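Inspection log for the structure reproduced underneath, given as structure tokens.
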Amino acid sequence: MFAKQYVKRYYHLSDAQNNVTYLTDDKQNIVQNYTYTAFGTPSITGEDLNIYTYTGREYDRDAGLYYYRSRHYMPNLGRFDRSDDMRSGKNWYAYANNNPLKYTDPYGFMISEEVKNCIICF
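What follows is the structure in structure tokens.
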């Protein structure tokens, strides 16, 4: 006898800054709804099904931190947990040049505009 296993699939719906705003199931039912403060403090309704949230980064609900590849981001403080290795900008702990409505920091070391400029240079 074989047991058939069903895998539930969920789909991320995101806004222009890649913030996950909804999680839907195969039938397009909303199973989670996400809202954020400007600096990314989340408000999540529904089941705990997804770790990808603000700017598409992994969120640890227990620690209240986002993982941005090179360092962790603390949305309640609007800053990273350690200084920027690249030493870009005036404040090496700041997230998105202290302007998260205009910029993102996709990797934790350079705001989105600087990333675009680097890509254009190559």
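Converting from the sequence shown to our numbering requires adding 20 to each position, the first position being numbered 1. Glycine residues also receive a C-beta, built at the ideal position from the N, C-alpha and C atoms. Predicted model, so just to flag it, every value in this text is computed and none were measured.
Status (buried if at least 16 other CB within 10 Å, exposed otherwise) for residue i
{"i": "N39", "result": "buried"}
{"i": "D82", "result": "exposed"}
{"i": "A116", "result": "buried"}
{"i": "T65", "result": "exposed"}
Chain-order list of residues whose beta-carbon lies under 7 Å from that of residue i (same chain, five-residue window excluded)
{"i": "R102", "result": "R91"}
{"i": "Y79", "result": "P62, I71, T73 and Y86"}
{"i": "L121", "result": "A58"}
{"i": "I139", "result": "Because I139 sits at a pLDDT of 44, beneath the cut-off of 50, its placement in the model cannot be relied upon, and the point is left open."}
Whole-angstrom C-beta distance between residue j and residue i, which should lie under 8 Å
{"i": "Y86", "j": "G60", "result": "7 Å"}
{"i": "S108", "j": "M130", "result": "6 Å"}
Same chain, Cβ closer than 6 Å to residue i, neighbours up to 5 away in sequence not counted
{"i": "Y31", "result": "T44"}
{"i": "R5", "result": "Any property of residue 5 remains undetermined from this structure, which presents the chain solely from 21 to 142."}
Identity of the residue in the options nearest residue i by Cα
{"i": "W112", "options": "G128, K122 and L121", "result": "G128"}
{"i": "Q48", "options": "T55, N118, Y56 and L33", "result": "L33"}
{"i": "G19", "options": "K110, D105 and N119", "result": "For the chain, the structure presents residues 21 to 142; residue 19 sits outside this window and is missing."}
Cβ shell of residue i (< 8 Å), same chain only, five flanking positions each side left out
{"i": "R29", "result": "D45 and D46"}
{"i": "T124", "result": "Q37, N38, T75, A116, I131 and S132"}
Exercise. Scan the region 55 to 81 and note each continuous beta strand (DSSP E) run of 3 residues or more that stays entirely inside, going in chain order.
Key: 62 to 66 and 78 to 80
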